[in-house]
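Residue numbers (numbering that gives the first Met the number 0), protein chains in the order written: chain A, 0 to 363; chain B, 0 to 481; chain C, 0 to 415. Cβ coordinates follow ideal geometry from the N, Cα and C atoms, glycine included. Note that this is a predicted model, so its numbers are computed, not measured.
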Amino acid sequence: MENKALFGSWSLAGAAATVLLVELFEPIMQAAVRAGQTAAWLSLLIAGLVAILLYWPVAACMANARCSNLIKLAEAAAGKTAAVITSVLVSAFVVYHSGFILRETSEMAVSAFYSHTPQTFPMVALGLCAFGCARGDLAGIVRLCRTFMPFLVGAMVVLLAGCVGWAKFVYLVPVLGPGVLPLLVNSALLSALHAPVALFLLVAAGDLTDRKRLGPAGSVALGGVTLLLAFGAALFLAIYPLPMGRSVTFPLHLLARLVSGGRFFERLEGIWIMFWFFATACHLAVLLHIAALSLRDAIGTPVKVGLLPLAVMIATTALFPPDQGRVLAWHAAAMPYALGVGYVLPLVLALTVMLRRRWTSRAG
Amino acid sequence: MVMQRERIPSRLDEARAAVAKILRWPQNVGIEMRTIHLQTCPATDLVVVFIRGLADEELVRSWAIEPLQRLAMERPELGPLTGALCEAVLPAARLRQVDLMPDLIDAVLGGATALLLEGPGGAVVVETRKPATRPVGSLVMDNPYKEIFGPDLPDNVGLIRCRLHNPDLLAEYVDLPEGRPGRALLVQMVGKADPALVAKVRDWVLRRAGEQRFRLGQAAGQAGMFGLLPDIGSTHWPDKAATLLDAGYVVAMVEQVPMAFVAPVTTAALLLGPGDDQLRRPISIMLRYVRVALCVVIITAPALVVALLNYHHELIPTPFLISLAASRESAALPVIGEIAVLQILQEIIRESMFRLPMRISTGSGVIAGLLLCLILFHSGLVGAVPAFASALTAFATFGLPSYTLIYLVRIWQYPMILGAAVFGLYGITAVTFAFATYLCQAKSFGVPYISETGVQFATPGRESSRPLAKGGNSGGKQGAVR
Amino acid sequence: MRARRTTAAILLFLATLLAGCWDRMEIEDVAYVVTLGVDRREDNRLLVTARMAVVQAVGGAGGQKSSATGGPVSFGLVTADAETMNKALYTLNGSSTRRLDLRHLRAVIIGEELARSGIEPLLMEFVRHPQAREAAVLILARGRAFDVMRENLPVIETNPAKMTEGFVLQSKQLHLAPPVYIQKFVARLAAPGGDPFLPVMARNPYIKPLKDQEPPAPAEHSALPGDLARGGGNPVEFIGTAVFRADRLKGFLTIDETQMLLALRGEMGKTYITFPDPLTPDRQLTMRFHQENLPKYQTSYQGRQPRVSVRILFEGELLAVPGGTDYVHQENRVRLEAAAAKYAEGVARDLLAKTQDWGADPVGFGHKFRKRFATWPEWEQYDWPKHIKDLKVDVSMQMRVRRYGLFTGPDRTGGK
């Protein structure tokens, strides 16, 4: 029998970075602008820091408690029922979030490039790609994400570097945005943006070679991409300043329209659609797979069996909002709840496990 | 195995055992260790050690064994042979007395014959290396060997030993099942190859090479779906095999099949060209990236033309776009049609070229390509840009070092073109993603095709780049990515 | 079974792709609009004029000939009246056998009347549009954009994309007008703390074919756009600046004022400036001014009145000294430097008086005050435009003459 394929912490970090990169060009970047105003970049930095601070203890606890992943952690904390509830919550979050990401990306493809094409077609192509990828084993998906991570990061860096000439950084002043307290509170809530990655890391941890590296791997990915995100936000607001910047649907796409390679290659935004597709497909595949994994660990359905209903639900969610405006509004409205699934729930579970262990060891 | 710089034992049986241990005789194919009884008075035991394929057996006979046999026969009164006597009898220019075991092993690995005798100073080395005249393959730039594998197994092992001067190189026969004629053998670097991998390759040899009809094209099962990827690689080049062995790969050979099978297949192995191990590191690394770029060009060039000319006009510089549009005013076919015509033409020329005798195939291929392309262009059937893209891909395929790779990228062009035709760059990306998923999920002998991150290569002489080094995927962690 | 399933999946995937193709367009089926002019008409209607790159069949079938080798590439100009730019373009398709496409749009020209009534909605139409791009140059036409586009006949240009954009490429180096792109205008419009401005393209009414025209008389002309003393060639000229308060046009600047505006913004680069010779008062001399460093700003408040002091350093190269003074001489050089700085200061003061009178802040003095506010709401509340008229600006300029060309003495050969 073939042994289970494992992956190392660097692969995990690379894959997590790919999963995170999607945030750079999805409309959820708008959330950062709304939260931080002129200090959107600072807001993203704080959000990244908060995400790391919330994520690290769970990862550390998982390594110590010898729970292979989040579901096992839930089972150790409060039994089978808790595991089932956790897996259902994770799946529900994945369905909701992935559905909207799928819809937003295809909306972008249609409104930016293929204006005569029905919106469902880019969606079906993207969805099928992600679904096909999710059917593979986790190590393969992680390998795929990690393989493309340097290219995606490179593309993003080129995009941002190509826009620097358009930026006027005086638009980032006043530096404190909405003021210290609102900035801190909004930024902490903004860390909900990274919840999909935290969930990915915590569920995928089951196949990690050395679970002690789970914390560092996730933090490296979160930290690295946070820097890129912060730079992206700063650049965006230095090019499309407030108050206009608040209402831009696809911030990075608007930046991509400005990048030019000299006087001859003046419009290169078509190139970045490739990277967006890739990052989004990786994001969706990873989330879909971990939702199926969590269901497997909780109720024992094989991954490939669990995938199909999940995919159908994601497609339904994607098709549910009647218009682009509501896609963005609903996604943004639900994002703060991700904080609960992505950080609070794992943290509570981890604390319970730790307390129980201490209690049993003292009793023993 | 790290050899101590120890002296060769003066007792013959001890010396013999030590050499046998280091060279893994008798298990190791190609290592010849014979004991000859010389009729001196009292009788002398002479142990002869050499490697088949490296040492010229005619020279071993005429320069090492025969003079001693003659001496023993003609002058038995001299008593047991000693090292000093050997020196007196054997050709002086090719003779060397050795004291240390590493020197002896080194000489044997270099094609010399070792003669071991009882008593101190009883180890003598005679230079018997075969002059390098072997079947010559195509001339690859800067590859000093220009040799390819032949049908004889020990000879083939010798070809590898020429390049891997290492006692840890172990070649052993695998007993094929009853009824299958011929033999097969496994080559590995002990200490570098993962034992689990070796066991799997042994299974493969027993299962597949043991079959009555052994087909090269389907030598193994399929690594991925649709049979696009083989799960074992093959090469004609001993130096490529040696490089991969050194990186922890396992080589299998079947008698009468003039090539080596390399397991597992990885993108790194597919991109390794013959002669690469002769180049300096920066250059060999650059070459591999060039090959990656070639793959990208072959897969994407025609598709990109379709995507740009049909969907993403904004990516084309305005003046060029205007002149392109002018040239397409009288176009007979849509861009996708032009690309289709050119691709069909390309396949026709390529296939016809392979069927022609070697001497005229290159020239006629070039002429056919040039002529047909020119005619098509001037008749207005195809435009300059599609013609350029098609010619570029056709030529780029010649730069790839393995046929597996060439067929893979050639076949992948078509879904790409289709994707571009229906959805522009978005379609190209969708197909690329599907392809990448396929490649990332594919495994060969439990090792992922894309080992480690990105395009990392089994660079000769670099420890950390071994995707399958021991420990990486042993101990029940098959396919572990570092 | 497994193979059959995967084949089915692949086929399904390909089928979805096959259903695509709606956006497929061969390049010969598209008419690329390279310049777009927009004018205001009554009832908030727009007159949209489009210049298309018209491609005609060139040479033998399949073969290509570039326009430079004699291929007839001509330019089509069409115009339509509609409520919005999109509607006008849509309507124009009705008279075109090829689909009008904005992906290669290089320049947008805005008519003066439209600019006076506000151009924000029009610009946002471009930002929203999937094909138009924000990197296209934005130009103000003195008079109607329609006329400017109709009469723009570059003497040596064959590439339609460069017919308008070429002016901007020029202005990037010579600064007769400021180069402005849609993104820059929109950003300046959006961010409180400065006002946008545009380069001006104007039809010079004096220009006739040179054979019908006498050399221009200086008395009738000025350095304002559309008023230059020249004859022959392209009737359209690309000089000067149009200053906006928010999205409404307020007035025009001359070439010299444009240069000083750019100098105050730190974007001047190298320009040619002619001013009175300090030692030969009836003559003028020409220098190339070069702004090497960014201007140094200091902001302060006197009571509630905002104050800005700005120091600018120019480097100069002497180009023409008709007065014949030897300015290499130390004493003369100092006087020359003082005169140059004084002239530039004078122009800058005139410029600021003008723009402050219009209530506009094209320099972006407001942005210098941004850092005095800790939070965005405070800054937004401060409402910078209200304070523009109170603003006290203290300009001090310095000149260092660095070079004298290839000939160092006075403009005299020394012969008697």
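Check                                                                                                                                                                       : Outcome
At least one CB of chain A closer than 8 Å to the CB of PRO301(B): is that the case?                                                                                        : no
Leaving out the 5 sequence neighbours to the left and right, which residues in its chain are closer than 7 Å to LEU163(B) when beta-carbon positions are compared?          : ALA241, LEU244, ASP245
If you check the beta carbons only, do ALA245(C) and LEU188(C) fall under 8 Å apart?                                                                                        : yes
Is ILE374(B) close to chain C, meaning its C-beta is less than 8 Å from at least one C-beta of that chain?                                                                  : no
Between ALA343(C) and MET259(C), is the Cβ-Cβ spacing less than 8 Å?                                                                                                        : yes
Residues of the segment 297-326 of chain B in Cβ contact with chain A at a cutoff of 7 Å, in chain order, please.                                                           : HIS311, GLU313, LEU314, PRO316
Rounding to the nearest angstrom, what Cα-Cα distance links GLY13(A) and VAL285(A) in this structure?                                                                       : 13 Å
Less than 8 Å between CB atoms is the rule here; does VAL167(C) satisfy it with respect to chain A?                                                                         : no
Counting contacts by CB-CB distance shorter than 8 Å, is TYR180(C) in contact with chain B?                                                                                 : no
Applying the 10 Å Cβ sphere with the 16-neighbour rule, what's the burial state of THR407(C)?                                                                               : exposed
Can you find a C-beta in chain A that's less than 8 Å from the C-beta of LEU424(B)?                                                                                         : yes
Quick one: does PRO250(A) have its CB under 8 Å from some CB of chain F?                                                                                                    : The displayed structure is made up of protein chains A, B and C, and chain F is not among them.
If you scan the segment 196-250 of chain C from start to end, which runs of the beta strand (DSSP E) of 3 or more residues do you find wholly inside it?                    : 196-202, 235-244
Report the three-state DSSP secondary structure of LYS211(A) (helix, strand or coil).                                                                                       : helix
By the DSSP assignment, the alpha helix (DSSP H) with SER95(C) in it spans what residues?                                                                                   : Premise fails: SER95(C) is in no alpha helix (DSSP H) and is neither H nor E.
One question on the structure: do GLU174(C) and LEU261(C) come within less than 8 Å of each other, judged by their Cβ atoms?                                                : In the sequence on display, residue 174(C) carries His and not Glu. Cβ atoms of HIS174(C) and LEU261(C): closer than 8 Å.
I'd like to know whether the C-beta of CYS132(A) is nearer than 8 Å to at least one C-beta of chain B.                                                                      : yes
Leaving out the 5 sequence neighbours to the left and right, which residues in its chain are closer than 8 Å to SER170(C) when beta-carbon positions are compared?          : ALA176, PRO177, PRO178, PRO198, PHE237
Along the alpha helix (DSSP H) that carries VAL249(B), what are the first and last residues, could you check?                                                               : Element bounds for VAL249(B): not the alpha helix (DSSP H) but the beta strand (DSSP E), 249-253.
Considering only the beta carbon of each residue, do LEU99(B) and THR39(B) sit closer than 8 Å?                                                                             : no
Is the segment 286-298 of chain A close to the segment 267-276 of chain A, with three or more CB pairs under 8 Å?                                                           : no
According to DSSP, is HIS366(C) part of a helix, a strand, or is it coil?                                                                                                   : helix
Within 10 angstroms of its Cβ, does MET72(B) collect 16 or more other Cβ (buried), or is it exposed?                                                                        : exposed
Evaluate ARG280(B) with the Cβ neighbour count: other Cβ atoms within 10 Å of its Cβ, from every protein chain shown; 16 or more gives buried, anything less gives exposed. : exposed
Please report the straight-line C-alpha distance between SER73(C) and CYS372(B), rounded to a whole angstrom.                                                               : Bear in mind that the predicted position of SER73(C) carries a pLDDT of just 48, short of 50, making it too unreliable to give a figure here.
Based on DSSP bridge pairs, tell me the residues matched to PHE406(C).                                                                                                      : Answer by DSSP bridge pairing: none, since PHE406(C) is not bridged.
What does the Cβ neighbour count give for ASN292(C), buried or exposed, with the cut at 16 atoms within 10 Å?                                                               : exposed
Quick check on DSSP: helix, strand or coil for SER170(C)?                                                                                                                   : helix
Starting from GLU133(C), find everything on chain B with Cβ-Cβ shorter than 9 Å and list it in chain order.                                                                 : Going along chain B, no residue has its Cβ under 9 Å from GLU133(C), so there is no contact; the nearest lies around 13 Å.
Nearest chain B C-beta to MET477(C) closer than 8 Å, yes or no?                                                                                                             : A question about residue 477(C) goes unanswered here, because the residues of chain C that appear run from 0 up to 415.
Where in the segment 290-338 of chain C do unbroken runs of the beta strand (DSSP E), each at least 3 residues long, occur, reported from the N-terminal end onward?        : 295-301, 304-319
For GLY93(C), count the other beta carbons within 10 Å of its own beta carbon; 16 or more makes it buried, fewer makes it exposed. Which is it?                             : exposed
VAL123(B) bridges to which residues according to DSSP?                                                                                                                      : GLN96(B), LEU114(B)
With H, G and I counted as helix, E and B as strand and the rest as coil, what does DSSP make of GLN397(C)?                                                                 : strand
Check whether the Cβ atoms of LEU207(A) and LEU69(A) lie closer than 8 Å to each other.                                                                                     : no
So MET283(C) and PRO275(C) are supposed to be a Cβ contact under 8 Å. How far apart are they, rounded?                                                                      : Looking at the sequence shown, residue 283(C) is not Met but Gln. With 8 Å as the limit, GLN283(C) and PRO275(C) qualify as a contact, their Cβ atoms being about 6 Å apart.
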